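Enquirer: Before anything else, here's the structure in question.
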Amino acid sequence: MFKKIKYFTVSLFCVSVIFYGFIKISNELPDFIKDRSNIKITYNKNPFDLKFDIGNYIIYINKEVFYNIKNKITN
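Numbering (my numbering), first residue to last: 5 to 79.
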């Protein structure tokens, strides 16, 4: 049992490092490269703001996302 938890923890850590690296590199690309790309990622740490622009769809994740989810659940 302990071995499974250890493998899961290591796997989760590796995936999160790869995901963070992907976001960090995509965010630091120059605008002329982002304009020609299908996927555009904008990331700011303070205030937290993460935006995925995928063709026709834009996904925002910011500090207000938890507030909006809480309001939708309670209403």
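Note that beta-carbon positions come from the ideal geometry of N, C-alpha and C, so glycine has one too. Since the structure is predicted, the reported quantities are computational estimates derived from the model, not experimental observations.
Are there 16 or more other CB atoms within 10 angstroms of the CB of ILE45, so buried, or fewer, so exposed?
Expert: buried
Enquirer: Tell me whether ASN66 sits in a helix, a strand or coil according to DSSP, three-state version.
Expert: strand
Enquirer: Three-state secondary structure (DSSP) at LEU16?
Expert: helix
Enquirer: Below 8 Å on the Cβ atoms is my guess for ASN66 versus PHE52; work out the distance and round it to an integer in Å.
Expert: 6 Å
Enquirer: If you measure between the beta carbons of TYR61 and LEU54, is that distance less than 8 Å?
Expert: no
Enquirer: Specify the secondary structure class of PHE52 as computed by DSSP and reduced to three states.
Expert: coil
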